[in-house]
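These notes are about the structure you will find just below.
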Amino acid sequence: MSPPFPPPRIIAQSRAAAEKLARQRVTLSPRGWQAWFDGSATPNPGRIGIGALLVGPDGERVEISRRAGEGTSGDAEYLALIAVLEVAVARNAGELLVHGDSQVIVQDVLMREVPAASGHAEHRTRVHLLMDEIGMVAVRWLPRHRNAAADALSQRALAHVGPSVPATAE
Numbered sequence: 001m002s003p004p005f006p007p008p009r010i011i012a013q014s015r016a017a018a019e020k021l022a023r024q025r026v027t028l029s030p031r032g033w034q035a036w037f038d039g040s041a042t043p044n045p046g047r048i049g050i051g052a053l054l055v056g057p058d059g060e061r062v063e064i065s066r067r068a069g070e071g072t073s074g075d076a077e078y079l080a081l082i083a084v085l086e087v088a089v090a091r092n093a094g095e096l097l098v099h100g101d102s103q104v105i106v107q108d109v110l111m112r113e114v115p116a117a118s119g120h121a122e123h124r125t126r127v128h129l130l131m132d133e134i135g136m137v138a139v140r141w142l143p144r145h146r147n148a149a150a151d152a153l154s155q156r157a158l159a160h161v162g163p164s165v166p167a168t169a170e
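Structure below.
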């Protein structure tokens with residue numbers, strides 16, 4: 001059996017602890033939501049596309065696929081995470097398990113008391129504020145091949161020609 005869903009304030013004090021926490025399995029209650037996020041920058045740095053999928057306990061699905069300006073792949077990953085957390089807040093998700101394939105971003109989020117990765121302090125602060133609004137949130141790493149839906153959504157965003165839009169929930 002998987003460990004119980006962690007309280008929202010569990011943080012890692014080191015990269016090794018963050019990596020272990022990022023790989024830990026969790027069990028959702030019947031009211032739990034799940035999310036997957038991914039971001040792409042083409043070239044890197046360049047145009048940003050974000051993709052995310054939010055699935056509710058009753059099977060409700062919300063897809064996010066949009067351009068999000070210019071930046072690095074790290075910016076893209078963070079903006080995708082922020083976008084899905086904003087939608088989760090809007091849907092009143094009280095318990096959320098978030099999956100991402102960027103070890104750097106997942107570990108950075110989990111290391112709440114350690115300075116943010118270079119250039120990402122503002123993004124990480126926004127993520128933590130959103131996580132606090134939701135309540136119980138776990139962020140977990142998964143291999144890229146298991147994040148195909150979010151990756152496809154971020155790639156679709158880059159395939160669209162036209163102006164970029166802010167990476168915020170409607």
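Numbering (the UniProt record's numbering), first residue to last: 1 to 170.
We put the beta carbon where it would ideally sit given N, CA and C, even for glycine.
Given Val89, which residues of its chain have a CB within under 7 Å of its CB, disregarding the five upstream and five downstream residues? Leu130, Glu133, Ile134
Can you tell which of Ile82, Ala35, Ser29 has the C-alpha that lies nearest to the C-alpha of Arg146? Ala35
Over the uninterrupted beta strand (DSSP E) stretch that includes Gln103, give me the two end residues. First-last for Gln103: 103 to 110, but that is the alpha helix (DSSP H), not the beta strand (DSSP E).
Going by beta carbon distance, what residues of the same chain come within less than 7 Å of Ala16, once the five residues before and after it are set aside? none
Suppose contacts are defined by Cβ-Cβ distances below 8 Å. Is Thr72 in contact with Ala41 by that definition? yes
Grab the span of the beta strand (DSSP E) containing Leu85 for me, first residue to last. Counting along the chain, Leu85 falls outside any beta strand (DSSP E), though it belongs to the alpha helix (DSSP H) covering 73 to 90.
Can you give the Cα-Cα distance for Gln155 and Ile48, rounded to whole angstroms? 9 Å
According to DSSP, what are the bridge partners of Ser40? Gly49
Considering Arg140, what are the terminal residues of the beta strand (DSSP E) in which it resides? 136 to 141
Determine, using beta-carbon pairs with one atom in the stretch 76 to 88 and one in the stretch 101 to 113, whether at least three such pairs fall under 8 Å. yes
Within 10 Å of its beta-carbon, does Gly51 have 16 or more other beta-carbons around it, so buried, or fewer, so exposed? buried
Using 8 Å for Cβ pairs, my map puts Gly109 next to Val87. What's the rounded Cβ distance? Residue identity check: residue 109 is Val in the sequence provided, not Gly. With 8 Å as the limit, Val109 and Val87 do not qualify as a contact, their Cβ atoms being about 17 Å apart.
Report the CB separation of Gly56 from Arg91 in whole angstroms; it is logged as a contact under 8 Å. 7 Å
Pro45 versus Ala150, Gly69, Val62, Leu54, residue with shortest Cα-Cα distance: Gly69
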